[in-house]
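Have a look at the structure below, then the notes.
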Amino acid sequence: MNKILILNFGTTHDLISSSHLISAVKKDHPTAMIELLTLRSQKEIAQILDNISNYHYIDSDSINTIFQSPLYSDAFAINQFMNILGPLVNTDWDLVVNNSNDNISSYIMSALKTNQLAGSYIANDGVARCSDKWSIYQNYVATGLSRQTINKPTIRNHIVNLPYYSELNKIKLNSDYTTVANQNFARIRKMKNNTGIFIVGISLEAGYDGYMMELDTYSDIIEALEESNDYKAVLLLNGKEYQKEFANKLNKTFNNKLISINLETVALPSVISNLDIIISASNDQLTISDTMNTRCLEIRDCGGNSATPSIVNANNFVLYAKDETNIASDALLALNEEFGTELPINVLNSCNPVYRSVSDELGNFFTQIRGDLNIQKELRYHVERSYFFEIFGYPRNNELFEHIKNNTEPEYLQDFIINLKNELTNTVKLLLATVRSLKSVRNSESSLNSFISYLDNLMAIGKENTIVSSIVRNFEGKLENIEAIDANENIRQIESYLFELKSDMQILTNIMEELTNNKSTEQATLSTDSKSI
167 MNKILILNFG TTHDLISSSH LISAVKKDHP TAMIELLTLR SQKEIAQILD NISNYHYIDS
227 DSINTIFQSP LYSDAFAINQ FMNILGPLVN TDWDLVVNNS NDNISSYIMS ALKTNQLAGS
287 YIANDGVARC SDKWSIYQNY VATGLSRQTI NKPTIRNHIV NLPYYSELNK IKLNSDYTTV
347 ANQNFARIRK MKNNTGIFIV GISLEAGYDG YMMELDTYSD IIEALEESND YKAVLLLNGK
407 EYQKEFANKL NKTFNNKLIS INLETVALPS VISNLDIIIS ASNDQLTISD TMNTRCLEIR
467 DCGGNSATPS IVNANNFVLY AKDETNIASD ALLALNEEFG TELPINVLNS CNPVYRSVSD
527 ELGNFFTQIR GDLNIQKELR YHVERSYFFE IFGYPRNNEL FEHIKNNTEP EYLQDFIINL
587 KNELTNTVKL LLATVRSLKS VRNSESSLNS FISYLDNLMA IGKENTIVSS IVRNFEGKLE
647 NIEAIDANEN IRQIESYLFE LKSDMQILTN IMEELTNNKS TEQATLSTDS KSI
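First residue of the sequence shown? That's 167 in the numbering used here, and the numbers climb one at a time after it.
Written out as structure tokens, the structure is:
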């Protein structure tokens, strides 16, 4: 591949995370010219992404004017938009990737000349399509999860048929800023007469969701760090007024002895490269730190809309703020675990859930190490993650299931299995009825309404919040991507996907058997009824 275009009109988090995909493409295609199309408002962040040969920008105001104006028809709006893109439309691309998975990118994807599309796009019939099974998963399964079981960078890399690489260079360092930062941090490390101290960056930037720790929590963390011979705290700002006010309040508490660094985006990577760990809400500073493999402790609002961490790399921590008074102790405990130190911990048993990111042969995932445990949610997270990798062609994670069996209280595991069995049994009954109904459609068109009713009821399960509903949404995504015009071919493909759904359900049944070590008890879930198909 020689010419590759990455489209990103999503959030700044999406843009920073695109560096995982870009670096993987560059590793596998080292001579390729990788170009990026994104919003002009995100130019500063785009410029620090490594491995990009050329940048293209569009004003968000232009997009909104064209697509939201009642004066423009959809066709005229798209034509106007294509004129803005100029040379990109006339370039022959080897690969175009929809990284942000949004409507604008999907329309652009369909207008560009390319040998290969990766991600969602608008087909010639005006219908949104997905390029492969991983793109279907991203659009139909992941969107229904408040807590992602497979992180976005891993999904996006799989869409391009590339692995996730954690150790590649993904962010550019400005040489001038890096020289200055290295010199300044060398002096900071000498402030406690201990060149082996750990420098902790404490971000004062609010999270994407608006969350920010309370002043007392910051003070408690900083006090423990400043009194220790092993640590030095550095406050990270980016020029916003509320951050300056917050820093002034903290400095007043510590007699103006704290170190504050007000950072431009271009200088941020140089500072981050000198940190041993960053404590931060879910924001750009944290995401860039994670991308650069700097250790991260992410603080999230336990009651937020999304439970999915912004960080992805292994050996990082995520703390969900349920009780603000315990956050400082949780954070200090994480530092002790990471660096083998003995910072004072006021609360040994916190209710705040704390997770550590770890890795296996499938990629990175999170395991809970502290706080209130919802065992049913944790079992679902790990089983669903392993399950989808298996149906996508990876070997079963037998080690995981052995660990679950050996380390889960029998009554909790039994509850999980009973609920899963009930979900499977009800869904399989409806699935088999749908298959029978579809067969009758071949013989009589009068059966069509009955089949549609059964299919609608089956799809309605996808609106629920269970492992089985995720499987049904994956099936729904396959149906939505059927391109056949001929009615008989359409029915044939639907039937094929129904049998694939049955096969996917059987895999989940097999996992359930493995968790119970009782193959005879659960086998009836699918095999008994399958004889009647």
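We treat Cβ as the ideally placed atom computed from N, Cα and C, and that holds for glycine.
Query	Result
Three-way DSSP call (helix, strand, coil) for Met379 in this model	coil
Assumed close pair Ala480, Asn530 - CB separation to whole angstroms, cut-off 8 angstroms	5 angstroms
Cβ pair Arg355, Ile363 closer than 7 angstroms	yes
Buried or exposed (CB count within 10 angstroms, at least 16 for buried), Gly469	exposed
Residue range of the beta strand (DSSP E) that includes His222	220 to 224
C-beta atoms of Ile365 and Leu402 nearer than 7 angstroms	no
Close beta carbons around Asp258, own chain, < 6 angstroms, minus the five adjacent residues each side	Lys279
Straight-line gap, Lys629 to Lys668 (C-alpha atoms, nearest Å)	19 angstroms
Segment contact, 8 angstroms Cβ cut-off, at least three pairs: the stretch 188 to 202 with the stretch 287 to 304	no
Neighbourhood of Ser185 by C-beta distance below 6 angstroms, restricted to the same chain and skipping five residues each side	Leu215, Lys336, Thr457
Segment contact, 8 angstroms Cβ cut-off, at least three pairs: the stretch 642 to 650 with the stretch 316 to 330	no
Pairwise C-alpha distance: Ser332 and Glu411	36 angstroms
Boundaries of the beta strand (DSSP E) in which Ser523 is found, first to last residue	520 to 526
Whole-angstrom distance between Ile200 and Ala212, CA atom to CA atom	13 angstroms
N- and C-terminal bounds of the beta strand (DSSP E) containing Gln304	Unbroken run through Gln304: none, as it is neither H nor E.
Beta-carbon proximity check, Val520 vs Leu485, cutoff 7 angstroms	yes
Touch test, the stretch 504 to 520 against the stretch 550 to 570, Cβ-Cβ under 8 angstroms, three pairs minimum	no
Terminal residues of the beta strand (DSSP E) in which Leu205 lies	199 to 205
Glu430 versus Gln451, Lys423, Asn440, residue with shortest Cα-Cα distance	Gln451
Alpha carbon of Tyr306 to alpha carbon of Asn640, nearest angstrom	6 angstroms
Of the residues Ile170, Ile182, Asn317, the one placed nearest Ile454, counting alpha carbons only	Ile182
Span of the alpha helix (DSSP H) around Arg322	318 to 325
N-terminal and C-terminal residue of the beta strand (DSSP E) that Phe483 is part of	483 to 487
Through-space distance from Leu254 to Glu734, alpha-carbon basis	With the chain running from 167 to 699 in the structure shown, residue 734 is simply not present.
Own chain partners of Ala433 with C-beta closer than 6 angstroms, once the 5 adjacent residues on each side are dropped	Tyr343
Proximity to Asn281 [Cα-Cα], best of Val263, Pro576, Ser606, Cys296	Val263
For Asn623: DSSP bridge partner residues	Beta-bridge pairing links Asn623 to no other residue.
Asn317 versus Glu407: straight-line alpha-carbon distance, rounded	33 angstroms
CB-CB length for Ser266 against Gly176, believed under 8 angstroms	3 angstroms
Glu679 versus Arg536 - alpha carbon distance	29 angstroms
Spatial distance of Leu334 from Asn340 (CA atoms)	17 angstroms
Among Val601, Arg546, Ile627, Thr632, the one whose alpha carbon lies nearest that of Tyr157	Outside the shown range of the chain, which is 167 to 699, sits residue 157, and nothing can be said about it.
Spatial neighbours of Ser616 in its chain, beta-carbon cut-off 6 angstroms, leaving aside the 5 residues before and after	Ser603
Neighbour-count burial assignment, Ala626, 16 or more Cβ in a 10 Å radius	exposed
Where Ser476 falls, given that 16 or more other Cβ within 10 Å makes a residue buried	buried
Residues sharing a beta bridge with Leu402, DSSP	Ser369, Ile427
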